[in-house]
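Participant:
There are 10 protein chains.
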Amino acid sequence: MGIIGSTIKPFKATAFQAGKDFFDVTEADIAGKWAVFFFYPADFTFVCPTELEDLGAKYDELQGMGVEVFGVSTDTHFSHKAWHDTSEKIGKLKYAFLGDQLHTLSKNFGVLREEMGLADRATFVVDPDGVIQIMEITCEGVGRNATELTRKIKAAQYVRNNPGQVCPAAWEEGSETLAPSLDLVGKI
Amino acid sequence: MGIIGSTIKPFKATAFQAGKDFFDVTEADIAGKWAVFFFYPADFTFVCPTELEDLGAKYDELQGMGVEVFGVSTDTHFSHKAWHDTSEKIGKLKYAFLGDQLHTLSKNFGVLREEMGLADRATFVVDPDGVIQIMEITCEGVGRNATELTRKIKAAQYVRNNPGQVCPAAWEEGSETLAPSLDLVGKI
Amino acid sequence: MGIIGSTIKPFKATAFQAGKDFFDVTEADIAGKWAVFFFYPADFTFVCPTELEDLGAKYDELQGMGVEVFGVSTDTHFSHKAWHDTSEKIGKLKYAFLGDQLHTLSKNFGVLREEMGLADRATFVVDPDGVIQIMEITCEGVGRNATELTRKIKAAQYVRNNPGQVCPAAWEEGSETLAPSLDLVGKI
Amino acid sequence: MGIIGSTIKPFKATAFQAGKDFFDVTEADIAGKWAVFFFYPADFTFVCPTELEDLGAKYDELQGMGVEVFGVSTDTHFSHKAWHDTSEKIGKLKYAFLGDQLHTLSKNFGVLREEMGLADRATFVVDPDGVIQIMEITCEGVGRNATELTRKIKAAQYVRNNPGQVCPAAWEEGSETLAPSLDLVGKI
Amino acid sequence: MGIIGSTIKPFKATAFQAGKDFFDVTEADIAGKWAVFFFYPADFTFVCPTELEDLGAKYDELQGMGVEVFGVSTDTHFSHKAWHDTSEKIGKLKYAFLGDQLHTLSKNFGVLREEMGLADRATFVVDPDGVIQIMEITCEGVGRNATELTRKIKAAQYVRNNPGQVCPAAWEEGSETLAPSLDLVGKI
Amino acid sequence: MGIIGSTIKPFKATAFQAGKDFFDVTEADIAGKWAVFFFYPADFTFVCPTELEDLGAKYDELQGMGVEVFGVSTDTHFSHKAWHDTSEKIGKLKYAFLGDQLHTLSKNFGVLREEMGLADRATFVVDPDGVIQIMEITCEGVGRNATELTRKIKAAQYVRNNPGQVCPAAWEEGSETLAPSLDLVGKI
Amino acid sequence: MGIIGSTIKPFKATAFQAGKDFFDVTEADIAGKWAVFFFYPADFTFVCPTELEDLGAKYDELQGMGVEVFGVSTDTHFSHKAWHDTSEKIGKLKYAFLGDQLHTLSKNFGVLREEMGLADRATFVVDPDGVIQIMEITCEGVGRNATELTRKIKAAQYVRNNPGQVCPAAWEEGSETLAPSLDLVGKI
Amino acid sequence: MGIIGSTIKPFKATAFQAGKDFFDVTEADIAGKWAVFFFYPADFTFVCPTELEDLGAKYDELQGMGVEVFGVSTDTHFSHKAWHDTSEKIGKLKYAFLGDQLHTLSKNFGVLREEMGLADRATFVVDPDGVIQIMEITCEGVGRNATELTRKIKAAQYVRNNPGQVCPAAWEEGSETLAPSLDLVGKI
Amino acid sequence: MGIIGSTIKPFKATAFQAGKDFFDVTEADIAGKWAVFFFYPADFTFVCPTELEDLGAKYDELQGMGVEVFGVSTDTHFSHKAWHDTSEKIGKLKYAFLGDQLHTLSKNFGVLREEMGLADRATFVVDPDGVIQIMEITCEGVGRNATELTRKIKAAQYVRNNPGQVCPAAWEEGSETLAPSLDLVGKI
Amino acid sequence: MGIIGSTIKPFKATAFQAGKDFFDVTEADIAGKWAVFFFYPADFTFVCPTELEDLGAKYDELQGMGVEVFGVSTDTHFSHKAWHDTSEKIGKLKYAFLGDQLHTLSKNFGVLREEMGLADRATFVVDPDGVIQIMEITCEGVGRNATELTRKIKAAQYVRNNPGQVCPAAWEEGSETLAPSLDLVGKI
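Protein chains in written order, with UniProt numbering: chain A, 1 to 188; chain B, 1 to 188; chain C, 1 to 188; chain D, 1 to 188; chain E, 1 to 188; chain F, 1 to 188; chain G, 1 to 188; chain H, 1 to 188; chain I, 1 to 188; chain J, 1 to 188.
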């Protein structure tokens, strides 16, 4: 089976989040919620902070849409806290960071660069049933786009909430959708 | 190894392209070029045509950037031609469609929905060395966005052509890039 | 065990039939009925339509004999519908077409050309117990003959309904049959 | 790979043919010729003689077309001769009978009823390259039709001798054939 | 374990016997009786009929001794009947012939010439417990001797019926037998 | 392959023969000669001496026919000598006895009663090529017959020396033989 | 585990003993008794009789000590009786001889010379629990010594009957023994 | 193969011998000489010293016969030296002691009591070819006898030096020996 | 899992301790107590006694802390006693020595030098739950330090008894300890 | 083989060291030098900094002794640099830190806590041949002691440089050493 449509595997990771004590996160904690797993290679490095910041700018909107956000790298939660405490950009971020020094999440989602012990620049959107609905990976050096990610999550939520409707290419919230039917087969 | 950074596996498929006789395409035919493999579930169905049309609107620009574009489904090249001949939207598309009734490409890229015999809604960008640099998959019902795809390909080409530079999040052609260095570690 | 006398394996396929919504067909749907599985390589191709038309001409007679007829190729039901909608010859056919893009039926009956992902030009007659009684395969380029097929189905039905009787070579409905007995051994 | 398009496996069998001493037949003996292997369950039984006689009526025509004909059962060549010597109908047949008491041919062609040690009622047409082009099996009690067999062999010979031409359904010698081309795709 | 002293394996074969309809024989049918399995290579051949005839001359005596007699070859029961119907010598025989076209009996008794699909010229005597007591095989071209066979069966019956007695070499019915005892060890 | 027609397996055994020192016998020593291997259960026991004496009475005739004779049991050559030295009947025998305490010969010929460590009452005739042509085994208590054995060896020698001739049942030296031909098939 | 201290394996052998009918011996027959298994290569050979006679001279003493004695070779019980009947020295022996033509005992005790089918010149002393306490093997040509064997059995019986006592080197019945204690460690 | 007649396996052990520095011994060091391996459970224990002393009394005689003597236990050479230095009895011994804390020798000769990590009370005599000729094991508490050991070594040397002669039971140096011949078979 | 934090494996060894009879020690005997396993290569050797003496000087203090101490080598308990009885330094030691001639403990703790059959110079500290908390190994020729060992055991006991406290580097009893908290992360 | 005396396995890790650019370290870089691998659980945590600082205080002395020092945790070199840049204590350290996010070194040395993805608190001393000579591990919460470590390295260097000398327990530089000899065995 492909990754899309598969259910996330069990995991357990210790999280750092600004203003909280360290806490554990498992697959049970996101049951019933939408969640974004936003992997990046390493704390204290480049591109990543711009992506993390870009995502941070959408955090309130995503929270409003009922979406949990997790930054994930193979660093420890100690390292995540230290980065947060010492970096101006990271210090502003309000979402949680998972310590994946065990490589469990990176392997579960198939994005561990095994020869380096670091994760890919990869994003996964998981629905309230724990099923992966959207994913994206870009190579080293190419930043992602939180606006496009938000657009796609909205489309996925729309489709989930409106059975029988599908969103055309580059659909934006509020635009028209399509209702597939036998008559449309071979007619578009 | 993850999919990003891996080399595409050998394949052979018969293609239909408007104005040409049927022809075979293999991995050798794209060596030295950038290529987009744009998978979709089935000819004559929904969403797909809007995505294929959206991609069609970028085809000239992508051609200009040196990028080959292939639509791929598990239908035959006969079916691709028939769809082209009978659909107004598809009839305008100038890029090639590969017949993957053998499921080779869908399996090679890991996007076969095995219980259905159809491909995922998945996009892969391959560089001139045959290495996958960018990928994306969305669930059924959520349309992709050719504009965002083009943005990412431009960033990947920029990074390839400018060693030592990386593109920040949501980078657009012409914007600033970053040059990583030891001094920047822990400083952004 | 040979194919003749074997019971058909379980399958599930989505069917297109003129004037109906798409529907699923399984081995359970033909239990208690005679059925013809009429495989051909691909929608929108040659020879095939002449064979499908030739079979179509016998459809009412076969229906009258209690025989279900299924055209089968590795195309999807979407493609079957599109062919029906756009081809004059195919558009007239009233029997159902099964989408075998999963290759299940083609493999079950042993007629998948594995290097092509297409089915052979093969016919199978299944009795009300799900047992294959008659089969035939011809090479690419040689059309089958629905009249001969009908003759053989009639003979098989006669033998099933008249235990102790057998039909001689080239038997036609209404001709004499043979009743084997010990005395006939070595006497014909 | 399916049976159609496969090359016959090596075999060696002792043959009886009227007016000759016993002789061995192997796959080498039919190289370069068309050949029919006409399997039946047992010497001295029913239906079989009517089929063998029906085929005998076509023997001169098939010889004229360059086709070798072999009756095959799991009886010995001694038995074949005895049947020929004692049966009026079989006594008139001029083609050869192969003794398959080793079950080699029946297994090679997949038509041994293993629980009985007898062959199916099966016909195979082999081309001059040793490749099986046409096959047919009917259940016990249903006689085959040598006229239809001859029609199909003629079509197969036509296709072999006229590359680029295919024979439509129920084609008879002299009728029109089709020449497939890209333009015909989706047009018949 | 050697063949002598072993119990016969299960089998099922269709028999022809003059004046009866075809009937099945299994190991259960000979339980409680002495039985001779008299294998020969093929119906309609040489030596064999002289041996079968020689055995036929002893049939009434063997019947009187409570011994069932079965001729066995890898021919079918149809062939056995045809031979009986057409051969003067065979036509006179009153014992049953088993059709071993499945090779079951020939393999069970270890006398199948595997490269020929024919049985050896072999005789087995089975006691009422299904245990093989006497066996003999001769090469092609050397006829057996039913008189000697009868002598050995009588000796075996004598030994079974007179525990504590053994028959010396070349013993004939009515001659003296030996009663082994400790005192005889090393004294004969 | 059956035992008849098979080549004897290599062996090495120490022999006792009256008037000679102990000597080794291998398969090489009988190459080019006919040989009889006459197995019996044990030295110093019953039946056996009558059989060995019965065979002894034929020894000169068999020697004249070019046939080597070996008595074989699982006793040692020491035991064979002791029996010879102490038994009146055995003391007269002139043929060699092989010590098979290793069970090699008994296993090679398939006549070891494994639960007892003793050989069956079995006879094998080997031709000058080392091929077994005739065999016989009888149960405990039934004596063999050296006269019948001699008859069969003569028939086997006749067949070997007269290609194209076969000996009918119960054939005696000087009687008529048969010359098989196609015309005889089904005629005897 | 070594041989000393191991329990003898199950066996069954037929024994000859002067003045008795043949009888079977198993491991159950020696339970609760001391037993000597005295292996030798073959009946009717050299050295062996001197050893067997030497042991015979100790038989009454061993019987008085409650020790069963068994001579064992790979000869049969028939052969043992014949040797006893014909040899002056062996004829005087009163202990039993086991027929080990099955090689079971020789293998159980690890003394079969596999390339010869004969046993080593080996002695084993088994205690009333079936446990081997003493063993000895000498090469071909070196005779054992029944006096030394008797000395060792006495020492073993003494040790079994006097827990806490051990017998020093070359101990003779009636000599002093040692009582091990912590104080003696490192003091002798 | 049994232990007698087998060649000793390679080993390497560090030896202590009075008046020498520690030195290594391997199988190469005893090639061409007779050797005794005299195993015992442990340094500083009971029985053992009496046996070692008993053997010590024969050491000069054995040396004179060309026999090397090795005491062996699973203690180290350090422990052997310490025992020698502190025990009056052991301190007088002139032969070498091997440290077998690796268990190599004890396993090679099959005398390791695996549940204790100690060797059996076992003696092995090895000839100049490295072949084991004599062995003996006694249970815990039963002392061996160096006089009997010396007697057996003399017999083995006599047999080796006088081919064709064998030593009867309890043979003493200078006594008569036997010369086996065919005539003696069954005569002793 | 690493050695630290793992539970000790089951073992059984015979111990020598001054003033006691030999006694067995198993893992059950140390349950609920702290224990030191102090491995060394061999009795009667160098370095070792200085280390054993150095440890002896701490024995009363360790006993007072509730810590059992075991010296362990692959020598037997007999050898341990002999060393104790003959060495002035070892004779003063009051702790127990385990005989590990079976190599069980050396293998359990992974410190057997397999090519020598001797243990490493290794120390393990086991807590009352049987869990290894501290370990150390030094090469041949480098002596350990019982004072440092005692310091570390005190720290481990302190940490076990004061949850939430940790001991800094080179901590000595009575010095300050640390109480980790979130606020300290990245602050020391 | 135990860890002591084993050669370190190949590795490659990126190092951070104050005042240098990131650089790779492999086993080749320490060939010919003494090296200390000083593992600790994680950057930014407790105890660790006190141990790292304690080791830092010995760094000049160790450098003077020709010893390379490496701190190792499963954090990245980015994290090591960040810790160095932000912690007062760590910021003063002059030795290198290896990034072991791949877990290679932690696994090579057997100190990965697999359920946590963190290393043990473990020290290894490697000699110029790459052979591990000294090791130590303590549980969580117990700090190591750099003074004791330095003492042991000096002893190991002394032993390496002075063959034939060994250092007694708790040896300090300049104290007396021992020269083992045969005479000392059992004398200390």
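Glycine is no exception: its CB is placed at the ideal position from the N, C-alpha and C atoms.
Everything numeric in this text was worked out from a predicted model, so none of it was measured.
Pull up the distance between the alpha-carbon of H:Thr86 and that of I:Cys48, whole angstroms please.
Facilitator: Rounded to the nearest angstrom, the two C-alpha atoms are 20 Å apart.
Participant: Looking at chain A, which residues of the segment 128 to 152 of chain B have a Cβ within less than 9 Å of any of its Cβ atoms?
Facilitator: Cβ contacts with chain A come from Val131, Ile132, Gln133, Ile134, Met135, Glu136, Ile137, Thr138, Cys139, Glu140, Gly141, Val142, Gly143, Arg144, Asn145, Ala146, Thr147, Glu148, Arg151, Lys152.
Participant: Could you give the distance in angstroms between the alpha-carbon of F:Phe23 and the alpha-carbon of F:Ser79?
Facilitator: Approximately 14 Å, taken between the alpha carbons.
Participant: Using the beta-carbon of each residue, which ones in chain D are nearer than 7 Å to F:Leu182?
Facilitator: Per Cβ cutoff of 7 Å: Asp21, Phe22.
Participant: When the Cα of I:Gly71 is compared with those of I:Gly2, I:Met65, I:Ala35, which residue comes out closest?
Facilitator: If we check each option's Cα against that of I:Gly71, I:Ala35 comes out closest.
Participant: Can a CB atom of chain H be found closer than 7 Å to the CB of I:Gly117?
Facilitator: Closer than 7 Å: yes.
Participant: If you drop the 5 nearest sequence neighbours on each side, which residues of the same chain put their C-beta closer than 7 Å to that of E:Glu114?
Facilitator: If we look at E:Glu114 and ignore the five residues flanking it on each side, it has no Cβ neighbours.
Participant: Once you ignore the five residues that flank A:Ala96 on each side, which residues in its own chain have a CB closer than 6 Å to its CB?
Facilitator: Taken in chain order, the residues that qualify are Ala15, Gln17, Phe70.
Participant: Considering only the alpha carbon of each residue, which of A:Pro41, A:Thr7, A:Ile3 lies closest to A:Val131?
Facilitator: Comparing Cα positions, the closest option is A:Thr7.
Participant: When burial is assigned at 16 or more other CB atoms within 10 Å of the CB, is J:Thr26 buried or exposed?
Facilitator: With fewer than 16 other Cβ atoms within 10 Å, it is exposed.
Participant: Should the segment 132 to 144 of chain I be called in touch with the segment 135 to 148 of chain J, which here means at least 3 C-beta pairs below 8 Å?
Facilitator: Contact between the segment 132 to 144 of chain I and the segment 135 to 148 of chain J is present, because at least three Cβ pairs lie under 8 Å.
Participant: Identify every residue that forms a DSSP beta bridge with G:Gly71.
Facilitator: G:Phe38, G:Phe97.
Participant: Would you say J:Lys12 reaches chain B, if we count a Cβ-Cβ gap shorter than 7 Å as a contact?
Facilitator: No, no contact with chain B.
Participant: Flag this pair as yes or no: are the beta carbons of C:Ala13 and C:Leu93 separated by less than 7 Å?
Facilitator: Contact flag unset, no.
Participant: Does chain G have any CB closer than 7 Å to the CB of F:Thr7?
Facilitator: Not an interface residue.
Participant: Should G:Ala155 go down as buried or exposed, given a rule of 16 or more other Cβ atoms within 10 Å for buried?
Facilitator: Under this definition G:Ala155 is a buried residue.
Participant: Are the beta-carbon atoms belonging to I:Val111 and I:Phe11 less than 7 Å from one another?
Facilitator: Not closer than 7 Å, so no.
Participant: Curious, which full-length beta strand (DSSP E) runs of at least 3 residues does the UniProt domain "Thioredoxin" (2 to 158) of chain I contain?
Facilitator: Listed in chain order, the complete beta strand (DSSP E) runs (minimum 3 residues) inside the UniProt domain "Thioredoxin" (2 to 158) of chain I are 12 to 16, 23 to 26, 34 to 39, 67 to 73, 96 to 99, 121 to 126, 132 to 138.
Participant: Can you check whether the C-beta of E:Val166 is within less than 7 Å of a C-beta belonging to chain G?
Facilitator: Output row for E:Val166: interface = no.
Participant: Can D:Asp21 and D:Asp43 be called in contact, C-beta distance under 7 Å?
Facilitator: Their beta carbons are not under 7 Å apart, which means D:Asp21 does not touch D:Asp43 by this criterion.
Participant: Sort J:Val67, J:Ala122, J:Gly143 by Cα distance to J:Gly32 and report the nearest one.
Facilitator: When each option's Cα is compared against that of J:Gly32, the closest is J:Val67.
Participant: Grab me the residues of J:Gly141's own chain with a C-beta within less than 6 Å of its C-beta, minus the 5 sequence neighbours each way, in chain order.
Facilitator: The answer is none, since no qualifying residue turns up.
Participant: Should G:Val185 be flagged as near chain I, meaning a C-beta pair shorter than 7 Å?
Facilitator: Interface residue, yes.
Participant: Please confirm whether C:Val166 and C:Leu178 have their CB atoms less than 7 Å apart.
Facilitator: Contact flag set, yes.
Participant: How long is the line joining the alpha carbons of D:Gly56 and F:Asn145, rounded to whole angstroms?
Facilitator: Approximately 55 Å between the Cα atoms of the pair.
Participant: Where C:Gly5 and F:Lys107 are concerned, what is the direct C-alpha to C-alpha distance, given to the nearest angstrom?
Facilitator: About 45 Å.
Participant: Considering only the beta carbon of each residue, do C:Ala170 and D:Asp100 sit closer than 7 Å?
Facilitator: Against a cut-off of 7 Å, the Cβ pair of D:Asp100 and C:Ala170 comes out as no contact.
Participant: Since H:Val185 sits in a beta bridge, which residues does DSSP pair it with?
Facilitator: None, per the DSSP bridge assignment.
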